[in-house]
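For reference, the structure discussed in these notes is given below.
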Amino acid sequence: MFFKRRSAAAVALVSLLALTGCGLNGGATTSALTPDLNQRIVVDNFRAPVANWALESDAAYILSLSGCLETLTKFDQAQGKVTSSLATDWKQTSPLTWDFTIRDGVKFQDGTILTADAVAASLQSVLAAKVPARAFNPDVVSDVAAVDARTVRITTPSDSPLIPYRLASVNTGILAPAAYKDGTIDPFGHCTGPFTPVSEKPKQSLTLDRNENYWGGKVQLAGAEVRFITNGATRATQVQTGESDISLSIPVASLSTLEGDNNVSVLKADSPRTATLYMNNGKAPFDKVEFRKAIRSALDLESLANSIYEGAALPAVGPFAASEPWASPETAAPKQNLNEAKKLLSAAGYTATQPLKIVAIVERAEFGDVAAVIQQDLAKIGVPITIETKEYASVEPDLLAGNYDMVLSQRNRLIDIADPIGFLTADYTCKGSYNLSHFCDADYDKLIEQAAKTTDAKERYKLYANAGRILQDQAVNVWLVNEQAIDAVRTDVQNHVQDPLSRYVLTAKTSKSGS
Amino acid sequence: MIAFLAKRTVALVATVLLASFAVFLIPYATPGDPARKIIRSRVAGDAIDESAISSLTTELGLHDPLFVQFHRWLGRFLSGDMGLSYSSQTPVVEQVLPALGITLTLVVAALGVAVLVSLILGITSGLHEGRRTDRVITTVTQALIAIPEYWLAPMLVLIFAVKLTLLPSAGWVSGASLVLPVAVLAARPSSYFTSAVRSGMIEALDAEHVTAARSRGLSYPRTIMRHVIPNGLLPLATLLAVWFAGLLGGSVIVEVIFSIPGMGRLLYDAVLNNDIPVAQGSVVLVVALAVAITTMADLVHRTLNPLLGDNRA
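Here the protein sequences line up with chains F and Z, keeping their order. Letter by letter, the first sequence follows residues 542 to 1056 in our numbering. Letter by letter, the second sequence follows residues 768 to 1080 in our numbering.
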């Protein structure tokens, strides 16, 4: 594999679509060449499973991107909607129940048949986890049961139109009954996906072979190896040398090198992560909207995106990325306006007495520099700042209790499901479980309550946009930059579609042309 | 000799206890609830349910005084049970032993290369003291001492993996995977060893017994082989043990850069994830091995140089 040199002529023939910075939908690679069914592929992933394949952990992402784990539904990034997967159909049969029809003719990789009983047992084990996944836990799902051979009924404690989204979460992946033994999970041979895991080198890699009996059609690769390489520079090097075919999450520092390499396509997409300066709205001087707006007007987001993020992030237009379907179309990134900021400070009645503190969490190395830039910008309007760097877990109790001024952090809006309802509820409603900003607004809460009951996605997105507008009008936080998901792919890889959340990487259609 | 061994055994036990207690304190040394940190390492998400934190605290006995918790861990450890990893809930020993095997392979190979290189360069340099060859070797080895691993590793990757495509850039899959990490790990000990061998050679060349051997008519090559080189190599025994111990715990950077699942990376990940049982198991094993090896080196040194034993006894 390593010493294999690809024919320059073949590479030259590969037609490439490298869509850069074109929205939440990732770029894609296609090719006119015939795929070689004997090819294997190497994917460098940025994390290794740490929780012994427990589905409530990040291990579910690894099993999903590897083409092993499948869910009842799937979120189609291009269409922006939930589509069928192991379930062919679903409907809300009463305000508190959803029925899912299980796909016929699907077998687990161990040869057993996918039945409603197997699905129900699998989902029940997700609910029973000691610390269940946010997408699927007893707070949002009260029961899972097989109604008949092909129907699974999900019961919810309250009206929940988002259950199909929850069942697209990788944490709700379906495994065969034999995968659950003695409180542990064994995914080997127990998935339904196009690739069967055959061996694992702990902390190193997962090797997979083609699932010859895959329900979704002929798998175009003979197999794959997913390597766990935590060092970003190493992932970038491996795709450059051809040791890997797809490297996920490329660091900014390696971008220019890879973009100059004819054998590599760099794919970029808006990620659902926005670096945010959280402000404690419940504490003076942040309890005055004029003061919060002054902070926002003092910051130069464009310069921040270009300097510290080296152009690999875009100035944030608000709580959502501009390309997200629920982002308000008329919003633009705030511009620095020091005069306006000073006027707002004056209107807020602010006088500098003692410095305000920004906590920069150490898990994001760049936040120390971001804090320093903010400190300089705020000094220009006479707001003195001190910076403290802390481990997130150590500062979280203080954030939740409201014992802080400002904190630099970032959130994945779609961490649980492909819809921001969880984020908007937890982070900004009066009773939100993760309301770090300590923001409370009755109008906002009403919008979110209404959205949570709205089945029609377009209508729901409008409500989200309105909610986002309230957050921006109230300058609840300063949304600094929207990060981009950057992956690199060798040009002989075909039919690869970038997923900004790295849930779907190896699919039955992924292929590679011959050497 | 028995007194020496007894002393060293006491030192070994005390060092292991101290090291394991120091690791045990890590989650308490930084602010925040250890149970919260453990859950965060396992499940992504927002605010963690307080009942989950409370339940885990009770399950792991984290309410108990530190000394009680440490005593409990020690009791289990002495019976051969390193406990379960907080993150994976699998036995620590199943993670630690394979990682130790990989790091030992890496360290032994690096030291082997370092010894080989230092013998060639050190002897050549010593025999050409003050001449151009000696100056070149000394300059190169001193430069290597100054080069940090985090710079040397990417440079070697750039040359041999990216430009020449001769070697893999990372991983632990074949013999070829060993070459670059071993080269990086061997660079600094090679320099120190070369310097030591050179000094030993120069000292031995000036020794009276060497002059006497030459005056008895022994040829120059034979004198070098029989009387100079063996004496010149003596300092290597101690240096080897010190470097062995150092590299066992000090290979973190190389293991992270080259994605090698050894002890360094295991410990690094364990500390990042607050996986204390894994961190404790790793540290105790590395420290015990390091102390045992330096003790053995001292024993070898005392055997080769009986005067040292007399002085200390």
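All C-beta atoms, glycine included, are put in the ideal place defined by N, C-alpha and C.
- Taking Cβ positions, are Z/Ala1008 and Z/His994 nearer each other than 8 Å? If you check the CB distance, Z/Ala1008 and Z/His994 do not come in under 8 Å.
If you follow the beta strand (DSSP E) that F/Gln633 is in, where does it begin and where does it stop? From DSSP, the beta strand (DSSP E) with F/Gln633 extends over Ala628 to Ser635.
Which stretch, first to last residue, makes up the alpha helix (DSSP H) that contains Z/Gly889? Note, Z/Gly889: alpha helix (DSSP H), Val859 to Leu894.
Worksheet item: Which residues of chain F have a Cβ atom closer than 8 Å to the Cβ of Z/Thr872, listed in chain order?
Response: Close partners of Z/Thr872 in chain F (Cβ separation under 8 Å) are lacking, with about 14 Å as the shortest Cβ gap.
Which chain F residues sit within Cβ distance under 8 Å of Z/Ala1046? Neighbours of Z/Ala1046 on chain F: none; closest Cβ ~13 Å, over 8 Å.
What are the boundary residues of the beta strand (DSSP E) that F/Phe1031 is part of?
Note that residue 1031 of chain F corresponds to Arg in the displayed sequence, not to Phe. Start and end: Val1019 to Arg1031.
message = Please list, in chain order, the chain A residues whose beta carbon lies closer than 9 Å to that of F/Val591.
response = Absent here is chain A; the protein component of the structure consists of chains F and Z.
Specify, as a first and last residue, the run of the alpha helix (DSSP H) that F/Ala882 falls within. The continuous alpha helix (DSSP H) containing F/Ala882 extends over residues Leu879 to Ala889.
- Query: Counting Cβ pairs, one atom from each stretch, are 3 or more of them under 8 Å apart for the region 739 to 751 of chain F and the region 643 to 663 of chain F?
  - Reply: Counting C-beta pairs with one atom in each stretch, the region 739 to 751 of chain F and the region 643 to 663 of chain F have fewer than three that are closer than 8 Å, which means they do not touch.
Q. CB F/Thr713 to CB F/Val667, shorter than 8 Å?
A. Yes; because the gap between Cβ atoms is below 8 Å, this pair is in contact.
On the DSSP bridge list, what partners appear for F/Asn953? Note: F/Asn953 sits in a beta bridge opposite F/Arg814.
*Integer-rounded CB distance, given that F/Leu789 should sit under 8 Å from F/Asp1028*: Indeed they touch by this definition, with Cβ atoms about 5 Å apart.
Checklist line | Option nearest F/Ser806 by Cα separation, candidates F/Thr817, F/Val793, F/Gln781 and F/Val591 | finding: Of the listed residues, the one whose Cα sits closest to F/Ser806 is F/Gln781.
Query raised in the report: Per DSSP, which one or two residues make a beta bridge with F/Asp585?
Result: Beta-bridge annotation (DSSP): F/Asp585 is paired with F/Arg768 and F/Ser788.
ask   = Does DSSP classify F/Trp756 as helix, strand or coil?
value = The three-state secondary structure of F/Trp756, taken from DSSP, is coil.
Going by DSSP in three states, F/Thr996 sits in which element: helix, strand or coil? In the structure shown, F/Thr996 sits in coil (DSSP, three-state: anything other than H, G, I, E or B).
**Prompt:** Taking Cβ-Cβ distances shorter than 7 Å, what residues in chain F pair up with Z/Val929?
**Reply:** By Cβ distance, chain F contributes Thr778, Gln781 and Thr782.
Do we get a CB-CB distance below 8 Å when we pair F/Glu1024 with the residues of chain Z?
No, no contact with chain Z.
Legend entry - Limits of the unbroken beta strand (DSSP E) element including F/Ala687: Per DSSP, the continuous beta strand (DSSP E) segment holding F/Ala687 begins and ends at Asp684 to Asp689.
Could you say if the region 993 to 1003 of chain F and the region 697 to 717 of chain F meet the contact criterion of at least three C-beta pairs nearer than 8 Å?
The answer is yes - the region 697 to 717 of chain F touches the region 993 to 1003 of chain F, with three or more Cβ pairs under 8 Å.
Within chain Z, partners of F/Thr612 - CB distance below 7 Å | Result: empty, since nearest Cβ-Cβ is about 17 Å, beyond 7 Å.
Top-ranked residue by Cα proximity to F/Leu840, from F/Thr817, F/Val688 and F/Asp968
Measuring from the Cα of F/Leu840, the nearest candidate turns out to be F/Thr817.
Item to check | Local Cβ density within 10 Å of Z/Ala979, reported as buried at 16 or more and exposed below that | outcome: Note on Z/Ala979: under 16 other CB atoms within 10 angstroms of its CB, so exposed under the neighbour-count rule.
**Q.** Contacts around Z/Val946, its chain only, beta-carbon distance under 6 Å, and the 5 residues preceding and following it disregarded
**A.** Excluding the 5 residues flanking it on each side, Z/Val946 has same chain C-beta neighbours closer than 6 Å at Leu934, in chain order.
With 16 other Cβ atoms within 10 Å as the buried cut-off, status of F/Asn944:
F/Asn944 counts as exposed, since fewer than 16 other C-beta atoms from the protein chains shown sit within 10 angstroms of its C-beta.
| said: Can you confirm whether F/Lys759, when its beta carbon is compared against all beta carbons of chain Z, has any partner nearer than 8 Å? | reply: Cβ-Cβ to chain Z under 8 Å: no for F/Lys759.
Problem - Proximity of F/Ala628 and F/Thr638 at Cβ, strictly below 8 Å - result: No.
Answer with buried or exposed for F/Thr561, where buried requires no fewer than 16 other C-beta atoms within 10 angstroms of its C-beta. Reliability fails at F/Thr561, whose pLDDT of 37 lies under 50, so the model's placement of it is uncertain and the value that follows must be treated cautiously. Per the 10 Å Cβ criterion, exposed.
Practice problem: Leaving aside the five residues before and after Z/Val949 along the sequence, list all residues of the same chain whose C-beta is less than 8 Å from its C-beta, in chain order. | Solution: Leu873, Ala876, Ala877 and Val880, listed in sequence order.
Could you please give me the residues that DSSP links to F/Arg751 through a beta bridge? According to the DSSP secondary-structure assignment, F/Arg751 is paired through a beta bridge with F/Phe736.
Self-check item: Beta carbon of F/Arg833 nearer than 8 Å to that of F/Gln951
Solution: Not closer than 8 Å, so no.
| query | Is it true that the CB of F/Asn1007 sits closer than 8 Å to the CB of F/Ala525? | reply | Nothing can be reported for residue 525 of chain F: it is not among the residues displayed for chain F, which extend from 542 to 1056.
6 Å Cβ shell around F/Ala592 - same chain, five flanking residues per side excluded
Cβ within range, chain order: Ser598 and Ala600.
Burial state of F/Cys971 (16 or more Cβ within 10 Å): Counting of Cβ neighbours within 10 angstroms places F/Cys971 among the exposed residues, the total staying below 16.
(request) Name, please, each residue of chain F whose Cβ falls closer than 9 Å to the Cβ of Z/Trp918. (result) Chain order gives no chain F residues near Z/Trp918, where near means a beta carbon separation below 9 Å; the closest approach is about 12 Å.
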